[in-house]
Amino acid sequence: MKAITRIEQSLAAAIALGEDSSCPPKLAGAIRHAVFPGGARIRPQLCLAVAQACGDDDPLLSDATAVAIELLHCASLVHDDLPCFDDAPTRRGRASVHWAYGEPLAVLAGDALIVRAFQTLALCAVHSPLRLPGLLQTVARSVGTPNGIVAGQAWESEPRVSLTDYQRAKTGSLFVAATAGGAQAAGADPLPWRALGEWLGEAYQVADDIRDVAADPELLGKPVGQDVALGRPSAAIELGLGGALEYFNQLIANASDSIPECRGAAQLRLLVQSEAERLVPVAMAEALLKRVAASTVVAS
Ligand code: FPP
Ligand code: MG
Numbered sequence: 026m027k028a029i030t031r032i033e034q035s036l037a038a039a040i041a042l043g044e045d046s047s048c049p050p051k052l053a054g055a056i057r058h059a060v061f062p063g064g065a066r067i068r069p070q071l072c073l074a075v076a077q078a079c080g081d082d083d084p085l086l087s088d089a090t091a092v093a094i095e096l097l098h099c100a101s102l103v104h105d106d107l108p109c110f111d112d113a114p115t116r117r118g119r120a121s122v123h124w125a126y127g128e129p130l131a132v133l134a135g136d137a138l139i140v141r142a143f144q145t146l147a148l149c150a151v152h153s154p155l156r157l158p159g160l161l162q163t164v165a166r167s168v169g170t171p172n173g174i175v176a177g178q179a180w181e182s183e184p185r186v187s188l189t190d191y192q193r194a195k196t197g198s199l200f201v202a203a204t205a206g207g208a209q210a211a212g213a214d215p216l217p218w219r220a221l222g223e224w225l226g227e228a229y230q231v232a233d234d235i236r237d238v239a240a241d242p243e244l245l246g247k248p249v250g251q252d253v254a255l256g257r258p259s260a261a262i263e264l265g266l267g268g269a270l271e272y273f274n275q276l277i278a279n280a281s282d283s284i285p286e287c288r289g290a291a292q293l294r295l296l297v298q299s300e301a302e303r304l305v306p307v308a309m310a311e312a313l314l315k316r317v318a319a320s321t322v323v324a325s
């Protein structure tokens, strides 16, 4: 079965678990809205790809890990779009959850998704009792304090922040959970897989910063210009568009080089390359470099 089919089926099962007639219908609707239809599902795909590279001998556990990580990601986007953070009206090309269901239900939908993520993992306690405790730690660390996505978001409330610390926590941590967790679910040592998540997470955030400055909101399915408007740390602002593009390419190369020697290494390198092209398509990069060159000529 294709990885994306595994992911969608497992996500559907995890969401259906909380949807009997006793659940408040609007809350159930808000939760569904947050998860379906999804985005690229890159974190769960990465998790399953690493699990496969490590033998994937416990597919129920790797599925649960991939699902937990994606549910946490969806929860973080629901909260990120709230008026107290980015106040974004759109996400994935349609209304954000708070826009469609109101702020109280958006807060609650995010809360419920966090709980469902850990419940999905907890359901593996009987058949994978030895691997589960370490996995729970990996996933929990990627979300909480001091270095998870919650801490990453909190850096936006501090007067000073290092761009790297901010990006590592806000975005990188869940990518690390995807790579390290994928390895752990397959019974492998997670340590050699952390670097891949760290590089990819940083590359993803730099691409997001570039697109926030340069992309078309219609194509992106969410507002652009948020980083400048909200005074947020951004690689595109700090390094300029040309510098951010160069940095992105370097991060992708580092991600590829960090893949540990294993049976699935070539396949994983292909995944990294196709993700790089999806994040910053060659045509977009060329158009941006032309824009940078034109503005340099005008300035000089
Ligand atoms: C998108 O960033 C947001 C994140 C990567 C994380 C946000 C985290 C929280 C709101 C903390 C709460 C966490 C949970 C698990 C509920 P962005 O605004 O740069 O990207 P965008 O353009 O996609 O909105
Ligand atoms: Mg946002």
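According to this note's numbering, the sequence shown is numbered sequentially starting from 26. The beta-carbon is built from N, C-alpha and C at its ideal position, and this holds for glycine as well. It should be emphasised that the depicted structure is a prediction, and the values quoted were computed from it without experimental measurement.
Assuming residue i and residue j are in contact, meaning their beta carbons sit under 8 Å apart, how far apart are those beta carbons, in whole angstroms?
i	j	result
residue 269	residue 231	6 Å
residue 165	residue 177	So it is not a contact: roughly 15 Å between Cβ atoms.
residue 320	residue 297	That belief does not hold up - the Cβ atoms of residue 320 and residue 297 are roughly 31 Å apart, past 8 Å.
residue 207	residue 73	7 Å
residue 212	residue 288	Rounded, the Cβ-Cβ distance is 15 Å, inconsistent with contact.
residue 290	residue 266	Between residue 266 and residue 290 the Cβ distance is about 32 Å, and since that is not below 8 Å, they are no contact.
residue 229	residue 304	7 Å
residue 247	residue 116	5 Å
residue 107	residue 128	6 Å
residue 285	residue 218	7 Å
residue 145	residue 89	5 Å
residue 67	residue 302	No, residue 67 and residue 302 are not in contact; Cβ-Cβ is about 13 Å, not under 8 Å.
residue 153	residue 83	6 Å
residue 10	residue 95	Beyond the ends of the chain as shown, which are 26 and 325, falls residue 10; an answer cannot be given.
Give a yes or no on whether the C-beta atoms belonging to residue i and residue j are separated by under 7 Å.
i	j	result
residue 99	residue 59	yes
residue 200	residue 225	yes
residue 234	residue 254	no
residue 18	residue 75	This structure cannot settle anything about residue 18, because the visible part of the chain is limited to 26 through 325.
residue 69	residue 55	no
residue 202	residue 142	no
residue 227	residue 264	no
residue 186	residue 258	yes
residue 256	residue 223	no
residue 244	residue 283	no
residue 104	residue 63	no
residue 52	residue 168	no
residue 28	residue 293	no
residue 131	residue 122	yes
residue 210	residue 35	no
residue 252	residue 237	yes
Using 6 Å as the cut-off, classify the Cβ of residue i as near or not near the heavy atoms of ligand 1, replying yes or no.
i	result
residue 232	no
residue 144	no
residue 164	no
residue 92	no
residue 315	no
residue 100	yes
residue 225	no
residue 97	yes
residue 195	yes
residue 371	In this structure the chain extends from 26 to 325, so residue 371 is not present and cannot be described.
residue 168	yes
residue 212	no
residue 178	yes
residue 43	no
residue 56	no
residue 235	no
residue 40	no
residue 67	no
residue 135	yes
residue 174	yes
So who's on the other strand from residue i, going by DSSP bridges?
i	result
residue 115	120
State yes or no: is the beta carbon of residue i nearer than 7 Å to at least one beta carbon in chain B?
i	result
residue 104	Chain labels in this structure do not include chain B; a single protein chain is all it has.
*Give me every residue whose Cβ sits closer than 5 Å to any heavy atom of ligand 2, in chain order.*
105 and 111
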